[in-house]
Each structure stands twice: as structure tokens, then as C-alpha cells.
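Participant: I have a structure here, written as C-alpha cells, and I will follow up with some questions on it.
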Amino acid sequence: MRLIDHLIAGSGSSPAGPSSGRTGEVFDPNSGAVQAHVALGDAAVLNRAVEAAKAAQPAWAATNPQRRARVMFEFKRLVEASMDDLAHLLSSEHGKVVADSKGDIQRGLEVIEFCCGIPHVLKGEYTQGAGPGIDVYSMRQPLGIGAGITPFNFPAMIPLWMSGVAIAVGNAFIIKPSERDPSVPVRLAELFLEAGLPAGICQVVHGDKEMVDAILDHPDIAAVSFVGSSDIAHYVYNRGVAAGKRVQAMGGAKNHGIVMPDADLDQVVTDLAGAAFGSAGERCMALPVVVPVGEDTAERLREKLVPAIAALRVGVSTDGEAHYGPVVTAAHKAKVEAWIATAEAEGGELVVDGRGFTLQGHEQGFFVGPTLIDHVTPEMTSYQEEIFGPVLQIVRAKDFEEALSLPSKHQYGNGVAIFTRNGHAAREFAARVNVGMVGINVPIPVPVAYHTFGGWKRSAFGDTNQHGMEGVKFWTKVKTVTARWPDGGVGDGANAFVIPTMG
Ligand code: NAD
């Protein structure tokens with residue numbers, strides 16, 4: 026069976042190989058079968074990657090920024106040329122439909138497009154005449170070696186958020202992808218090499234907690250960017266910071282969609298079908314909670330939602346007509362179904378029950394049918410916790426203030442959306458809600474690459490967001506130079522000041 030191995034400069038095919046002994050299973054979520062094994066590395070594997078990174082990074086940092094940008098341009102071209110293959114590979118391990126996989130890759134590529142302009146972005150600040158004969162200027166310098174630890178749900182976009190910016194500003198970067206769908210990050214690192222990136226600047230190590238701990242403790246890794254679930258994000262943040270590293274750690278989410286009485290309900294239902302159920306709900310910016318304001322809005326919305334959910338097509342990830350595919354593993358399917366049972370036991374009304382769903386011909390696949398639960402209340406644990414599956418919960422609010430308070434008080438604060446035709450309500454909501462990313466009639470408000478991505482509360486630990494200028498800040502340190510060049514004293518003889526001549 027295929028082994029998905031580490032990608033470490035200089036040791037790829039040597040007999041001593043990069044692999045350590047342990048491996049993990051990688052499934053095909055459509056069939057439920059194991060399709061490959063992934064090497065699970067340890068500190069010894071990481072040390073080899075760090076040594077290669079240390080050898081390569083100074084020359085990369087000294088490469089002028091236009092040349093680094095040219096590698097980004099070429100990388101973008103290569104990824105675009107491989108889009109179909111990459112998307113099918115991604116779907117085969119993750120389970121999302123191929124169109125979603127293309128979106129996953131495309132959103133990551135937009136960060137690479139931002140990185141193509143890195144020479145402009147890296148220009149520092151300058152003050153002439155801060156004092157007599159004194160000028161002050163600042164420059165952004167790379168940190169050295171950075172690492173990224175990524176979740177299963179966006180195996181292209183999130184590695185590209187981190188690697189693009191980290192590398193473009195002059196760092197060496199080591200990625201530790203999710204062990205559940207590790208192939209696409211390896212393929213992306215290979216394409217970076219093909220695009221002209223020197224060996225050692227982008228490497229991949231695989232593993233689980235053992236490898237994550239090795240990364241967090243390694244004295245030569247200056248910064249760690251993490252995306253995953255909140256408890257692990259918190260752990261990574263604390264351990265990394267204790268080891269003296271710069272850490273940004275994005276966590277889980279429970280995003281709310283507020284539906285005001287004046288909203289266009291047909292559009293809201295169309296938006297919810299994609300935002301709650303697309304990618305089987307395995308998106309940190311999914312909308313798994315809808316909050317209709319007023320009983321009348323709730324009744325009208327529910328009446329339209331039920332047939333829309335019935336019309337959703339669940340299929341294998343290569344089914345071009347399917348709205349969504351299987352969830353990532355059997356364990357995750359069991360967890361989602363257990364949350365549906367909990368929600369019912371807590372008093373939620375199970376309007377549409379997706380448990381026990383099977384797809385003909387794919388009975389062992391990890392499919393969960395779309396689920397709608399009404400009369401969910403803030404006391405229920407199924408509301409407080411992230412389900413991360415194709416499950417939509419309705420929490421009814423009596424007025425705008427109650428609707429505003431729900432996402433504001435929730436432990437997570439990643440994204441939120443409001444659906445309304447009232448500009449004042451939307452403006453008030455955006456200003457007052459205690460959440461990091463807000464959509465106004467936009468169900469999944471993922472900011473474009475030149476803005477930044479990051480939630481609040483338990484959705485993010487650390488104070489710097491992903492990509493855009495925040496990403497540049499995270500992956501660089503500022504050096505400020507104060508220079509004094511007093512008048513006169515240019516000297517003579519050997520010390521004479523000579524203006525260079527051309528030619
Ligand atoms: P996860 O937390 O299980 O895994 C994330 C990474 O942590 C993986 O690389 C994994 O190998 C590693 N890991 C797992 N267990 C560990 C442990 N005990 N100690 C150290 N490291 C460990 O997350 P996941 O299931 O892969 O991804 C889904 C989660 O990620 C959801 O909670 C989702 O909301 C979140 N997410 C958040 C964002 C965001 O930007 N806020 C984006 C995408 C996903």
C-alpha cells in the first residue's frame with residue numbers, strides 16, 4: 026500500500042529514508058477503505074528537516090524580493106496547471122466534492138497572488154531628519170525557520186495561507202499537515218521546488234501529537250502557526266509561547282446567521298443550503314446556527330428550509346451533481362451522529378434526521394444526511410459546542426438585541442452573518458457583535474487574501490491573524506535603524522569621500 030512520506034531536503038530517497046517506524050491510516054471517505062498509510066514522524070525526523078532548513082534559509086533571505094516573488098508567480102502557474110489533479114487528490118482523502126476542492130485550492134492561491142507583490146509590501150518606513158543629521162528607517166526581516174500545523178478540513182488553503190507568506194518574506198518553512206489528508210500539502214511542496222524554490226525552504230513532516238510537541242519544543246523553530254480545534258489550539262499556544270516562540274493558533278467555531286424579519290428568505294435559504302451543509306459542514310466558517318428574529322420569521326424560514334434540505338443531494342465526491350460528500354472518517358461520522366442524539370435528548374426538535382444515511386453502492390462510506398434541529402436553546406451543550414457536520418440548528422430570538430447577544434456571548438467568535446435589507450440594523454450589528462469576521466448578506470464572510478483572517482475569543486489564541494499584512498507581520502520582525510551622518514569630516518587621502526563614476 027502507498028506510503029505518504031515526509032518531504033525533507035536531501036534525504037528523500039536515501040535508504041535511511043526520512044520515515045520513522047509508526048504510520049497512520051488514510052481513508053477514502055467515499056468507500057470507507059484505507060487507501061494509504063502516512064508516516065508518523067518524531068523528533069529525529071524533525072531534526073533532519075530543521076538542519077536542512079538552517080542550511081538553506083540564509084541564502085533565501087538574502088535573495089532579493091523580486092526573485093522570491095518570481096518563484097511565487099511560477100508556483101501559481103504550476104498549481105493552476107495541476108488544478109484538476111490536485112482537486113481530485115484532495116477530494117479522495119477529504120471527501121468534499123471536487124468543486125469544493127477547487128475552491129479550497131483557489132482560495133489558497135489568492136494568498137500566493139498577494140505574495141507575488143511581496144517586494145512592495147516589505148518596503149519599510151523612513152523618516153528623514155528625525156534630528157540634526159539623523160534619519161530613521163525600519164526594515165522587516167524574516168524570523169528564520171517557521172512551522173505550520175494544519176487541520177484536515179482545508180488541506181490546500183490553510184497550508185498556502187501560512188507557507189506563502191512565510192516563504193515570500195524569506196523564511197524556511199516546515200509544514201505538519203493533518204494526518205487524515207496529508208497528500209495535497211506534499212504535492213504543493215513538490216510544486217514549490219519545481220517552481221524554483223531552493224531545497225530546504227519548504228519541507229513537509231507528518232505526524233500526530235508526538236511531532237507537534239517536537240515542533241513546539243524545537244529551539245531552532247522561531248514561530249508556529251496553528252489551525253485546528255480550540256483545545257488543541259490553546260495547548261499549542263501555551264506550549265509554544267512557553268518555549269519562547271511566536272505563536273498564532275486558530276481554533277474552532279460556531280457561526281450564527283441572524284435572519285431579520287425583512288430579509289429575503291428565499292435568498293437566505295439558498296445561502297444556508299451552501300453555508301450549513303456545503304463540504305458536509307466541515308468548515309470553520311460554516312453557518313451551523315440560524316437565528317430567526319421573531320416567531321413569524323422563524324415559522325416562514327422553517328417552512329422554506331424543509332423542502333430545500335430535502336432537495337440536497339448527498340453523493341460521492343466525484344459526483345458533479347452532489348451538494349456535499351462524506352465526512353472525513355468513521356470516527357467523525359460517529360461523533361456528528363452522537364451530537365444529533367444529544368441535541369434531541371436535550372429537548373431540540375429533530376425536524377430532519379440525517380443519522381443512518383447510506384448511499385447505495387457506498388454503504389461503508391462516511392456519509393451523514395442533512396439534519397435540521399429546531400427549538401435549540403443556549404443552555405444546550407449541542408449549541409455550545411462545535412458539531413462540524415451537516416447539521417443546522419435553529420435558535421429562535423424574540424428581537425434584535427437577543428439575536429445580537431447570542432453570537433456575542435458564545436465561547437467561539439470566528440464568523441457571523443446578518444441577513445437584512447435594513448442598513449441601520451446591519452451597521453449596528455457589525456459594530457457591536459463580539460465576533461472577528463462579519464458578513465452582511467454574505468453567509469461565509471471569509472476575507473479576501475489581502476485582508477486578514479482570524480476570529481475572536483476561543484476561535485483564536487495569539488494576536489496576529491492569518492495572511493494579508495497581519496501575516497506579513499507574523500512572519501517577520503521589525504528592525505529600526507537610527508543613523509546619524511553629521512556634516513563635514515569627510516577626511517582626505519585614503520579616507521577621502523569619492524563620488525563613484527559610471528562606466
Ligand atoms: P485537530 O485539532 O484535530 O487537528 C489539527 C492539527 O493538530 C492536526 O495537524 C493534528 O495532527 C494536530 N493534533 C491533533 N491532536 C493533537 C494533540 N493532542 N496534540 C497536538 N496536536 C494535535 O483539528 P481537525 O479536526 O483537523 O480540524 C477541524 C477543526 O479545525 C475544527 O475545530 C475547525 O473549526 C478548526 N478550524 C479552524 C479554522 C480557523 O481558522 N479558525 C480553520 C479551519 C479549521
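Position 168 (the sequence shown) corresponds to 193 in this note's numbering; numbering is contiguous.
Don't be surprised by glycine CBs; every beta carbon is placed ideally from N, CA and C.
The structure presented is a predicted model; accordingly, all values stated were derived computationally and were not measured.
1) Once you ignore the five residues that flank residue 305 on each side, which residues in its own chain have a CB closer than 6 Å to its CB?
2) Quick one: Cα of residue 35 to Cα of residue 73, how far?
3) Can you tell me whether residue 179 is helix, strand or coil according to DSSP?
4) Can you tell me where the alpha helix (DSSP H) holding residue 106 begins and where it ends?
5) In terms of residues, what are the limits of the alpha helix (DSSP H) holding residue 259?
6) Using the C-alpha atoms, what's the distance from residue 60 back to residue 50?
7) So is the beta-carbon of residue 237 under 6 Å away from any non-hydrogen atom of ligand 1?
8) Who are the near neighbours of residue 254 in its chain, counting only those whose CB is closer than 7 Å to its CB and skipping five residues on each side?
9) Mapping DSSP to helix, strand and coil, what is residue 119?
10) On the DSSP bridge list, what partners appear for residue 350?
11) Ordered along the chain, which non-local residues of its own chain (more than five positions away) have a Cβ less than 7 Å from that of residue 39?
12) In the DSSP output, what is residue 227 paired with across the bridge?
13) With respect to 6 Å, is the separation between the Cβ of residue 439 and the closest non-hydrogen atom of ligand 1 below this value?
14) Whose CA, out of 224, 157, 427 and 503, lies closest to the CA of residue 318?
15) Shorter than 6 Å, the distance from the beta carbon of residue 167 to the closest heavy atom of ligand 1, or not?
16) Considering Cα atoms alone, identify which of 396, 190, 206 and 145 is closest to residue 134.
17) Whole angstroms are fine: how far does the CA of residue 489 sit from the CA of residue 167?
18) Under DSSP, the alpha helix (DSSP H) around residue 295 begins and ends at which residues?
19) With burial defined as no fewer than 16 other Cβ atoms inside 10 Å of the residue's Cβ, what is the status of residue 158: buried or exposed?
20) Note the first and the last residue of the continuous beta strand (DSSP E) segment covering residue 509.
21) Tell me the rounded alpha-carbon separation between residue 395 and residue 122.
22) Given 8 Å as the limit, is there contact between the region 491–506 and the region 139–149, that is, 3 or more CB pairs closer than that?
23) Taking the C-alpha atoms as reference points, what is the distance between residue 197 and residue 87?
24) Tell me residue 48's beta-bridge partners as DSSP assigns them.
25) Does the distance between the C-beta of residue 233 and the nearest non-hydrogen atom of ligand 1 fall short of 6 Å?
26) Taking the CB atoms as reference points, tell me whether residue 326 and residue 375 lie closer together than 7 Å.
27) To the nearest angstrom, how far is it from the Cα of residue 362 to the Cα of residue 219?
28) Alpha carbon to alpha carbon, what distance is there between residue 251 and residue 182?
Facilitator: Concretely, from the data shown:
1) 349, 352 and 415
2) 9 Å
3) coil
4) 90–106
5) 255–267
6) 8 Å
7) yes
8) 276 and 277
9) helix
10) Paired residues: none, contrary to the question.
11) Model confidence at residue 39 stands at a pLDDT of 47, short of 50, so the residue's coordinates are unreliable and nothing is read from them.
12) 198
13) yes
14) 427
15) no
16) 190
17) 16 Å
18) 290–302
19) exposed
20) 501–509
21) 15 Å
22) yes
23) 12 Å
24) 64
25) yes
26) no
27) 43 Å
28) 13 Å
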